[in-house]
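I have placed the structure first, in the form of structure tokens, so that the comments after it can refer back to it.
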Amino acid sequence: MSLISNLGKGVVKKITAQKQHFFPPLSWASIKVLKHLDDAKEKQFSLGQVKLVYTRPYEIIHTYTELFQDEIYHFTTTQTQPIIIDCGAHIGMSVVYFKLRYPNAKVIAFEPDQANRLLLEKNININHLTDVTVVPAAVWKEDTVLQFSAVAGQGSKIDLHATNTIEVKAERLRNYLQQPIDFLKIDIEGAEDVVLADCQNQLHMVQNIFVEYHGTVQETSKLTGILSLLERSGFAVYIKMAADNLAQPYINKVTGTAHDVQLNIFGYRK
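Just so you know, we're using our numbering here: the sequence shown kicks off at 7 and counts up by one.
Structure follows, in structure tokens:
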């Protein structure tokens with residue numbers, strides 16, 4: 007068989023194997039335009055049925071690709087009205103994804119950061135989403151008030167020791183797990199181990215769970231604790247890297263930031 011024939015068959019095979027996207031992918035031209043936009047002004051983005059209000063172009067490039075193009079939160083359900091809990095909803099891109107993918111879903115979205123929450127509410131409105139409850143609170147192991155470090159972007163977090171913080175309301179996540187939950191997303195910038203430990207006796211109510219793990223290279227026990235908890239709760243687990251922060255970990259052993267290690271942990275029933 008000739009080289010040209012082989013190449014032709016390879017191209018055809020690649021084209022036919024390409025994934026059919028539920029949402030249109032970002033084009034090269036769109037990415038180039040987004041990269042040259044400022045990080046301060048409020049802007050609007052529209053692609054297919056997705057409409058987003060945002061300020062930081064990087065979050066659109068990264069999060070749109072992850073959520074809408076790659077669909078990392080896509081799950082199957084037999085429920086006519088699946089219940090989804092979104093802890094750390096940020097500006098609402100995940101909420102928009104859930105409601106466009108599962109139009110009849112009931113979504114409960116937690117977001118303690120006021121600036122993020124304003125954009126979250128705008129994104130709910132601009133997409134005409136219904137059955138979305140926005141809870142202006144962090145999730146925690148008890149109902150209380152916590153010190154919260156509100157920083158630009160997706161890094162706002164509970165911080166019990168920092169000095170430059172604001173007080174935010176926190177609600178016990180466990181109290182929301184008294185009914186069957188089809189999908190539980192936890193992206194709470196380092197507080198996931200504390201919250202999950204408090205919820206462990208209610209995780210049998212959860213069908214699918216996503217945890218974005220944040221830790222340092224010195225916190226191996228924190229990671230293994232989460233994985234052991236998920237296994238005990240009956241979840242099979244798949245792990246992907248969320249951010250490659252240490253390109254040469256034997257040379258540069260720490261990043262010097264709060265989170266050396268960021269992992270996407272996918273849990274689903276065995």
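Backbone N, C-alpha and C define an ideal beta-carbon position, used for all residues, glycine too.
Per-residue burial, residue i [other beta carbons within 10 Å of its own, 16 or more giving buried]
i, result
"E173", "exposed"
"I187", "buried"
"N258", "exposed"
"E198", "buried"
"N234", "Per the sequence presented here, residue 234 reads as Ser, with Asn not at that position. So S234 counts as exposed."
"S52", "exposed"
"E218", "buried"
"H265", "buried"
"L236", "buried"
"A253", "exposed"
"I21", "Residue placement at I21 is flagged as unreliable, the pLDDT there being 49, under the threshold of 50; the coordinate-derived value follows with that caveat. The residue in question, I21, is exposed, as its Cβ has fewer than 16 Cβ neighbours within 10 Å."
"R180", "buried"
Rounded Cβ spacing between residue i and residue j (contact assumed at less than 8 Å)
i, j, result
"E177", "V145", "6 Å"
"N129", "V101", "7 Å"
"L32", "Q75", "7 Å"
Residue i and residue j closer than 8 Å at C-beta
i, j, result
"L125", "G94", "no"
"N110", "T86", "yes"
"G196", "V267", "no"
"Q50", "V56", "no"
"P30", "G54", "yes"
"T61", "D45", "yes"
"R275", "G231", "no"
"V212", "K147", "no"
"F104", "I90", "yes"
"F28", "E77", "yes"
"N122", "H96", "yes"
"A143", "K175", "yes"
"K191", "F154", "no"
"K112", "D92", "no"
Contact test: residue i Cβ vs the ligand ZN heavy atom, cutoff 7 Å
i, result
"V59", "Summarising the ligand content, the structure contains no ligands, and the ligand ZN is consequently not present."
Taking 8 Å as the threshold, find out whether the segment 36 to 50 comes into contact with the segment 205 to 223 through three or more Cβ pairs.
no
Pairing CB atoms from the segment 232 to 244 with CB atoms from the segment 259 to 273, are three or more of them under 8 Å?
yes
In chain order, what are the residue ranges of uninterrupted beta strand (DSSP E) at least 3 long that sit wholly in the segment 56 to 102?
56 to 60 and 89 to 93
Report the start-end ranges of each alpha helix (DSSP H) in the segment 187 to 263 that is 4 residues or longer and not cut off at the edges.
198 to 205 and 226 to 238
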